[in-house]
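Top line first, the protein sequences correspond to chains S and Y. Take the first sequence: its letters are residues 1 to 98, numbered as in our numbering. Take the second sequence: its letters are residues 1001 to 1523, numbered as in our numbering. Data first, discussion second: the structure below is written as structure tokens.
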Amino acid sequence: MAAINRDDVAHLARLAHIEMSAEELDRMAGELAVIVDSVKSVSEAAGDDVPATSHPIPLTNVFRDDVVGHTFTAKQALSGAPDSDENRFKVPAILDEA
Amino acid sequence: MTEQNTSADTLIRLSAAQLSEKLRAGEVTAVEVTQAYLDRIAAVDGQVNAFLHVNAGEALAVAAEVDAIRAAGGAEAEALHQLAGVPIAVKDLIVTIGQPTTAGSKILEGWHSPYDATVVERLRAAKMPILGKTNLDEFAMGSSTEHSAYGPTRNPWDLDRIPGGSGGGSAAAVAAFEAPLALGTDTGGSIRQPGAVTGTVGVKPTYGSVSRYGAIAMASSLDQIGPVTRTVLDSALLHQVIGGHDPRDSTSLPEPLEDLVAAAKTGNVEGLRIGIIKELHGEGYQAGVENRFNDALELLKEAGAEIVEVSCPNFQYALGAYYLIMPSEASSNLAKFDGVRYGLRVLPEDGPMTIERVMGATRAAGFGDEVKRRIILGTYALSAGYYDAYYGSAQKVRTLVQRDFEAAFAQADVLISPTAPTTAFPLGEKLDDPLAMYLNDVATIPANLAGVPGLSLPGGLADEDGLPVGIQLLAPAREDARLYRVGAVLESLLEAKWGGPLLAQAPDLAAAAAETLETQEAK
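Next comes the structure, spelled out in structure tokens:
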């Protein structure tokens, strides 16, 4: 399995929306390389015939009655927002070229 | 010491079951009990740092309400829950109306949830005063509580050592007599390992036995809320308050809970087959831990249990699989902390002010190193080209671990192991070595991968350092009752040997605090 390097970490940090300094990328790449190396045996543990388990205790067809339950008011929903305007979350420009 | 102080000191050392009896007999009021705990928090939490928020006003109001109902008598008094008026602390990963919830992270500093977790609703319905919110590793990611953005919690047995994690705050609060009961969450051992290193009892129920609604998710297929207490019976009592079906958690088990309190009161283990897991002791385990583990086996054998050895060969891959599945799920669950709907928003210092850059700056400033490491690792394990090799393989290992448990439970009714490979290590010792930190959870992780329940109880003190050792019991899914049955028997045998609860041997924190104060005043 491929080792993880500094460029990989920079790419992953962009995907995960976490800004990282050059120093942080170096340190993280070193730490992750050790961790990834330690977990690589996992890929050789199970054969093709072993099914995957995504959920420890599978439940099927979990339904509830089709009735309106508790809903938050706009005021409650916005109570922790860093910024809001007229009952809406307010964010900076969504596109690069505004 | 005045007479009042003496009685408060006695009160805080009672179990929840004992407090409940005294409250119902009218020997003490809920306000007296709650105030005794608030006073204890004021006296010792400066040393321990178990609490991130103390909820004195509301706790006393709930206690006063219980006292008023009890004094009035009649049907309403009759209907009071057994634990009404018994206070409790709540891990700060669980959301509460009226108190801040931080998850131990700067990204949620000052945030107030507009809703209660289901378990909190159930505490309120039982009229249990909530003393406050306890410290944890940021988003429950860690084994030492050192990854909290609000400073580490300290182990009441030795203030220079870790209280375990992620639920170090809940375990330390209970061990330091700052609360009789607490709630924790366990994703890979975060209830059981802190229980082990603080000499307390911690239970990870069967996955789905307790609703996760309102627990801020780390890894949704592994997370489970459970009790943190000083006795096995208290855990059973608390499990029954918080457990049972919840339609708001689609992974909640539909069937009613078994009578766990009755199980804890069974009082015998005769004829039960108890399986030692070959792979979860011996090499890599501290000698003192191994000794106390062997003592426990001896006691169970004398009590009439049959000790058998089982092998779970795929447990060797469990830690690796966990460190792929957990970060994968965490990277997805933590995507919601983006500086838009709640919590911190940090603006980039220069350049264009787009939402993407605001998210990047917010998450850079709001998350600590361990959270960032796990998000990056999870993003890696889920990325195109690696998904099958990492996440897919880890899910297959999960199947193998489940099969190992199935085979083991064909030979034994309950499995037993040390809870953690070592006693509490010094603060700072493993902070720069993530892998060494992860190894703490080697014995607790298999239960989370398979969804089976686990209980840790004090097994005594290690010979070499005099620190608590935890004994872990594991049962098949939905058979939590077996843990309480065996746990309560082992606890009573051990306490008979020690001449009382293990925590009676812990250092006197209040005396230490008074001494520090006197020294400071003398200066």
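Just so it is clear, CB atoms sit at the ideal spot from N, CA and C, and this is done for glycine as well.
{"Check": "Nearest-angstrom Cα separation, counted from phenylalanine 1367 of chain Y out to histidine 17 of chain S", "Outcome": "11 Å"}
{"Check": "4 or more residues per run - each alpha helix (DSSP H) lying fully within the region 1152-1211 of chain Y", "Outcome": "1168-1175, 1192-1198"}
{"Check": "Endpoints, beta strand (DSSP E) assigned at isoleucine 57 of chain S", "Outcome": "Careful: isoleucine 57 of chain S lies outside any beta strand (DSSP E) and carries neither H nor E."}
{"Check": "Alanine 1511 of chain Y versus Y/Ala1443, Y/Pro1156, Y/Leu1449, residue with shortest Cα-Cα distance", "Outcome": "Y/Pro1156"}
{"Check": "Within-8 Å CB hit, glycine 1214 of chain Y to chain S", "Outcome": "no"}
{"Check": "8 Å Cβ cutoff met for isoleucine 1325 of chain Y and alanine 1394 of chain Y", "Outcome": "yes"}
{"Check": "Simplified DSSP state of alanine 1506 of chain Y, which is helix, strand or coil", "Outcome": "coil"}
{"Check": "Segment contact flag, the region 1012-1021 of chain Y with the region 1180-1197 of chain Y, C-beta cutoff 8 Å, min 3 pairs", "Outcome": "yes"}
{"Check": "8 Å Cβ cutoff, alanine 13 of chain S in contact with chain Y", "Outcome": "yes"}
{"Check": "Whether lysine 1336 of chain Y touches valine 1310 of chain Y by CB criterion (8 Å)", "Outcome": "no"}
{"Check": "Counted within 10 angstroms of its Cβ, other Cβ atoms place serine 54 of chain S as buried (16 or more) or exposed", "Outcome": "exposed"}
{"Check": "CB of glutamine 1193 of chain Y within 8 Å of CB of serine 1148 of chain Y, strictly", "Outcome": "no"}
{"Check": "Own chain partners of serine 1235 of chain Y with C-beta closer than 6 Å, once the 5 adjacent residues on each side are dropped", "Outcome": "Val1201, Val1203, Pro1227, Thr1229"}
{"Check": "Beta-carbon gap between glycine 1208 of chain Y and threonine 1266 of chain Y smaller than 8 Å", "Outcome": "no"}
{"Check": "Member of Y/Gln1411, Y/Gln1472, Y/Ala1381 whose CA lies at the smallest distance from the CA of isoleucine 35 of chain S", "Outcome": "Y/Ala1381"}
{"Check": "Contact with chain Y by alanine 93 of chain S, beta-carbon distance below 8 Å", "Outcome": "yes"}
{"Check": "Which of helix, strand or coil DSSP assigns to leucine 1257 of chain Y", "Outcome": "coil"}
{"Check": "Residues within the region 1358-1385 of chain Y neighbouring chain S, beta-carbon criterion of under 9 Å", "Outcome": "Val1358, Met1359, Gly1360, Ala1361, Thr1362, Arg1363, Ala1364, Ala1365, Phe1367, Asp1369, Lys1372, Arg1373, Ile1375, Ile1376, Leu1377, Gly1378, Thr1379, Tyr1380, Ala1381, Ser1383, Gly1385"}
{"Check": "At least three beta-carbon pairs within less than 8 Å, the region 1125-1141 of chain Y to the region 1052-1060 of chain Y", "Outcome": "yes"}
{"Check": "Uninterrupted alpha helix (DSSP H) stretches inside the region 1299-1333 of chain Y (no shorter than 4 residues)", "Outcome": "1318-1333"}
{"Check": "Residue-level contact to chain Y via CB, arginine 64 of chain S, 8 Å cutoff", "Outcome": "yes"}
{"Check": "Under 8 Å between C-beta atoms of alanine 1089 of chain Y and valine 1066 of chain Y", "Outcome": "no"}
{"Check": "Same chain, Cβ closer than 7 Å to glutamate 1003 of chain Y, five either side skipped, listed in chain order", "Outcome": "Here the model assigns glutamate 1003 of chain Y a pLDDT of 46, short of 50, so the residue's position is not dependable, and the following value carries that caveat. Contacts found: none."}
{"Check": "Exposure of methionine 1353 of chain Y, with buried meaning 16 or more beta-carbon neighbours within 10 Å", "Outcome": "exposed"}
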